[in-house]
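Asks: Below: one structure in structure tokens.
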Amino acid sequence: MDLPIIQSLHIGKEVSLANTGYYSAINKHEIKESQYVRKEGLILDSQADKKNHGGKDKALHQYAFENYSYWKQKYPNQPLLSSPAAFGENISSLGMNEDMVCIGDVYRLGSCIIEVSQARQPCWKLNFRFGIENMAVQVQNSLKTGWYYRVIQEGKIKAGDIFELDARPHPEYSLTRILKVLYLEDINIPELNQMIELKPLAESWKRILKKRIDTGIIENWEKRLFYTHTNN
Numbered sequence: 000m001d002l003p004i005i006q007s008l009h010i011g012k013e014v015s016l017a018n019t020g021y022y023s024a025i026n027k028h029e030i031k032e033s034q035y036v037r038k039e040g041l042i043l044d045s046q047a048d049k050k051n052h053g054g055k056d057k058a059l060h061q062y063a064f065e066n067y068s069y070w071k072q073k074y075p076n077q078p079l080l081s082s083p084a085a086f087g088e089n090i091s092s093l094g095m096n097e098d099m100v101c102i103g104d105v106y107r108l109g110s111c112i113i114e115v116s117q118a119r120q121p122c123w124k125l126n127f128r129f130g131i132e133n134m135a136v137q138v139q140n141s142l143k144t145g146w147y148y149r150v151i152q153e154g155k156i157k158a159g160d161i162f163e164l165d166a167r168p169h170p171e172y173s174l175t176r177i178l179k180v181l182y183l184e185d186i187n188i189p190e191l192n193q194m195i196e197l198k199p200l201a202e203s204w205k206r207i208l209k210k211r212i213d214t215g216i217i218e219n220w221e222k223r224l225f226y227t228h229t230n231n
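Spelled out as structure tokens, the structure:
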């Protein structure tokens with residue numbers, strides 16, 4: 000089996016999203032040179048919405064290029080799917096996906112050390128990006144969301160670098176398992192109680208779990224998945 004690698008790296012700058020009053024750096028382009036990774040992410044990358052994107056638990060966003068075949072079957076004429084970065088990812092990878100990656104996985108990548116902190120929570124900006132009104136819902140339900148890393152050790156990465164698994168403290172908690180619990184299954188308090196104890200899990204996700212445990216109710220996703228003027 001081939002080792003997982005960086006297929007390509009991508010960075011973006013903030014641009015206005017239509018008439019929403021929001022800015023986004025989801026429109027990224029490939030960069031060939033090696034890139035320095037800080038605790039906050041790639042040094043040349045922008046993060047417009049720092050409340051919901053970016054920060055130390057979301058320093059790097061990775062998306063499996065293998066997932067593109069699924070989307071191309073659904074949308075064969077979608078030009079964005081002809082090359083990586085359609086989903087705003089910093090890292091397009093080969094050889095790993097949500098089934099294979101677990102919360103807390105630690106990888107050596109180039110001269111960096113990175114740790115899986117959470118899967119992506121798709122938002123309405125994907126709808127604008129693809130011109131499909133429910134694209135965020137589709138990404139969420141597919142469980143092909145991509146994932147985020149926090150940076151343990153800063154350094155440089157480049158296309159072709161191999162993901163060397165250094166530690167896997169929670170092999171029972173693949174991203175797919177966690178995504179199913181969050182998005183596809185009814186409230187399961189024992190499962191949520193176990194997940195909230197996962198030390199590497201991002202604090203923002205632990206807050207979601209705690210609220211579900213406390214209330215027994217799944218939060219409303221409408222504002223995250225669909226843009227309305229009340230998002231402002």
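Following my numbering, the numbering of the sequence shown begins with 0 at its first residue and continues without gaps. Ideal Cβ placement from N, Cα and C applies to all residues, glycine included. All of these numbers come straight from a predicted model, not from anything done at the bench.
Can you tell me whether DSSP reads A47 as helix, strand or coil?
Replies: If you number the sequence shown from 1, residue 47 lands on position 48. Because the pLDDT at A47 is just 49, under 50, the model does not fix this residue reliably, and the point stays unresolved.
Asks: Tell me the residue span of the beta strand (DSSP E) that contains V105.
Replies: For the purposes of this step, residue 105 is identified with residue 106 of the sequence shown, where counting begins at 1. Looking at the DSSP string, the run of the beta strand (DSSP E) that includes V105 is 105–108.
Asks: Could you name each continuous beta strand (DSSP E) segment of 3 residues or more that falls completely within the region 142–190, going from the start of the chain to the end?
Replies: 146–152, 154–156, 163–166
Asks: Around the C-beta of A47, are 16 or more other C-beta atoms found within 10 angstroms, so that it is buried, or is it exposed?
Replies: As a working note, residue 47 is residue 48 in the sequence shown. Any answer about A47 is weak, because its pLDDT of 49 lies below 50 and its placement is not dependable; what the coordinates show is given next. By the neighbour-count rule (16 or more Cβ atoms within 10 Å), A47 is buried.
Asks: Would you kindly report the start and end of the unbroken alpha helix (DSSP H) that includes Y69?
Replies: Within the sequence shown, the letter at position 70 stands for residue 69. Segment 67–73, the alpha helix (DSSP H) holding Y69.
Asks: Suppose you measure from the CA of E221 to the CA of T227; what does that come to, to the nearest Å?
Replies: On the sequence shown, residue 221 is found 222 positions in, with the first residue counted as 1. On the sequence shown, residue 227 is found 228 positions in, with the first residue counted as 1. Rounded to the nearest angstrom, the two C-alpha atoms are 9 Å apart.
Asks: Which of the three DSSP states, helix, strand or coil, is assigned to S203?
Replies: For the purposes of this step, residue 203 is taken as residue 204 along the sequence shown, with counting starting at 1. The answer is helix: DSSP assigns S203 an H, G or I state.
Asks: Just verifying my parser: in three-state terms, what is the DSSP assignment at A84?
Replies: In the sequence shown, residue 84 corresponds to position 85, counting from 1. The answer is coil: DSSP assigns A84 none of H, G, I, E or B.
Asks: Measuring CA to CA, which of L16, N96, Y35 is closest to L142?
Replies: Taking the sequence shown and counting its residues from 1, the one referred to as residue 142 is at position 143. Nearest C-alpha to L142: N96.
Asks: Out of R128, M194, I113, E29, point me to the one whose CA is closest to L224's CA.
Replies: The sequence position of residue 224 within the sequence shown is 225, counting from 1. When each option's Cα is compared against that of L224, the closest is R128.
Asks: Count the other C-beta atoms from every protein chain shown that fall within 10 angstroms of the C-beta of R119, then say buried if there are 16 or more, exposed otherwise.
Replies: Locating residue 119 in the sequence shown gives position 120, counting from the first residue. With 16 or more other Cβ atoms within 10 Å, it is buried.
Asks: By Cβ distance below 6 Å, which residues in the same chain neighbour W70 in space, the five residues on each side in sequence not counted?
Replies: Indexing the sequence shown from 1 puts residue 70 at position 71. Excluding residues within five positions, the ones whose Cβ falls inside 6 Å are L80.
Asks: Write down the C-beta distance between S173 and D56 rounded to the nearest angstrom, noting that I regard them as a contact closer than 8 Å.
Replies: Walking along the sequence shown from the start, residue 173 turns up at place 174. Walking along the sequence shown from the start, residue 56 turns up at place 57. Contact flag wrong, Cβ pair sits at about 19 Å.
Asks: Go ahead and label V14 buried or exposed: buried means 16 or more other beta carbons lie within 10 angstroms of its beta carbon, across all protein chains shown.
Replies: In the sequence shown, counting from the first residue as 1, residue 14 sits at position 15. That one is exposed.
Asks: Exposed or buried, N126, counting other C-beta atoms within 10 Å across all chains shown (16 or more means buried)?
Replies: Within the sequence shown, residue 126 is the residue found at index 127, counting from 1. That one is buried.
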